[in-house]
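A.B. asks:
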Amino acid sequence: MKTGASLPNVIFHTRVRDEAVGGPNPYRWQDMTTAAYFAGKRVVLFSLPGAFTPTCSTYQLPGFENGFADFQNQGIDAIYCMSVNDSFVMNKWAEAQGLKNVTVIPDGSGEFTRKMGMLVDKDNLGFGFRSWRYAAIVNDGKIEAWFEEPGLMDNCPEDPYGVTSPETVLNWLVAANSEVAA
Numbered sequence: 028m029k030t031g032a033s034l035p036n037v038i039f040h041t042r043v044r045d046e047a048v049g050g051p052n053p054y055r056w057q058d059m060t061t062a063a064y065f066a067g068k069r070v071v072l073f074s075l076p077g078a079f080t081p082t083c084s085t086y087q088l089p090g091f092e093n094g095f096a097d098f099q100n101q102g103i104d105a106i107y108c109m110s111v112n113d114s115f116v117m118n119k120w121a122e123a124q125g126l127k128n129v130t131v132i133p134d135g136s137g138e139f140t141r142k143m144g145m146l147v148d149k150d151n152l153g154f155g156f157r158s159w160r161y162a163a164i165v166n167d168g169k170i171e172a173w174f175e176e177p178g179l180m181d182n183c184p185e186d187p188y189g190v191t192s193p194e195t196v197l198n199w200l201v202a203a204n205s206e207v208a209a
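So, in structure tokens, the structure goes:
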């Protein structure tokens, strides 16, 4: 997947809070499509190896969360964080991170990630299949800009991070918007 490509059409199995469910776990299943998330919007999508992991929880997710207003000022409608984790894990991670601005998308089976060409084996860490770290500016379901950490491979001994940082993505947006204004 690269600039100009359309996102793959998949169904994401999510859990959403619904007080009508009652009890200590008031959530219900809600299937969401790629179009439901991306149609008619300009968004930042970033995908990472796993919820609750160090780089993801300390730098990448908080950076996008805290910089949301800066992204909005550059014409971004939403920021989505995707991981090959189920909805239960993603919702708990969002809660633990105190998210208000970033929406988490569970790719529990890895179908979207596989179709993006970013599914990698991380058995060396006991993770199984996960996403390689990438980010994209997506405009109405089409990739406008693509950011991918170097060294895409199975069982990578490192976790490269930098190309997909919030700062890098925001700098690209600022530069792109400056070119349009000139």
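If you count by the numbering used here, then the sequence shown holds residues 28 to 209, one letter each, in order.
The beta-carbon is built from N, C-alpha and C at its ideal position, and this holds for glycine as well.
(1) Alpha carbons only, please: which of S205, Y161, V201 and N204 is nearest the one belonging to G189?
(2) Quick one: which unbroken beta strand (DSSP E) runs of 3-plus residues sit fully inside the region 98-126? Chain order, please.
(3) Please state whether the Cβ-Cβ distance between S136 and P76 is less than 9 Å.
(4) Taking C-alpha atoms, which residue in T41, K68 and L72 lies nearest to W173?
(5) So, for V201: in the same chain, excluding its five sequence neighbours on each side, which residues have a beta-carbon less than 7 Å away from its beta-carbon?
(6) Per DSSP, W56 forms a beta bridge with which residues?
(7) Can you check DSSP and say which residues form a bridge with D148?
(8) Under the three-state reduction of DSSP, which class applies to S136: helix, strand or coil?
(9) Taking the beta carbon of F115 as the centre, do at least 16 other beta carbons fall within 10 Å, making it buried, or is it exposed?
(10) Secondary structure at Y161, three-state DSSP: helix, strand or coil?
(11) Could you round the C-beta distance between P53 and M143 to whole angstroms and report it? I think they count as a contact, below 8 Å.
(12) Is G224 buried or exposed, if buried means 16 or more other CB atoms sit within 10 Å of its CB?
(13) Going along the chain, which residues of its own chain have a beta-carbon closer than 6 Å to the beta-carbon of V147, five neighbours each way excluded?
(14) For D113, I'd like the list of residues in its chain whose CB is within less than 6 Å of its CB, leaving aside the five on either flank, ordered along the chain.
(15) With respect to the alpha helix (DSSP H) encompassing L200, which residues constitute its N-terminal and C-terminal limits?
(16) In terms of DSSP beta bridges, what is L15 paired with?
(17) Just the C-alpha distance for D186 and V48, rounded to the nearest angstrom, thanks.
(18) Less than 9 Å between the beta carbons of I164 and N128, yes or no?
C.D. replies: Quick look at the numbers:
(1) Y161
(2) 105-110
(3) no
(4) L72
(5) Q101
(6) R42
(7) F156
(8) coil
(9) exposed
(10) strand
(11) In fact, because the Cβ distance is near 32 Å, the residues do not count as touching under 8 Å.
(12) What is shown of the chain runs 28 to 209, which leaves residue 224 out entirely.
(13) W159 and D181
(14) P133 and G135
(15) P193 to A208
(16) Residue 15 lies beyond the residue range present for the chain, which begins at 28 and ends at 209; the question has no answer from this structure.
(17) 40 Å
(18) no
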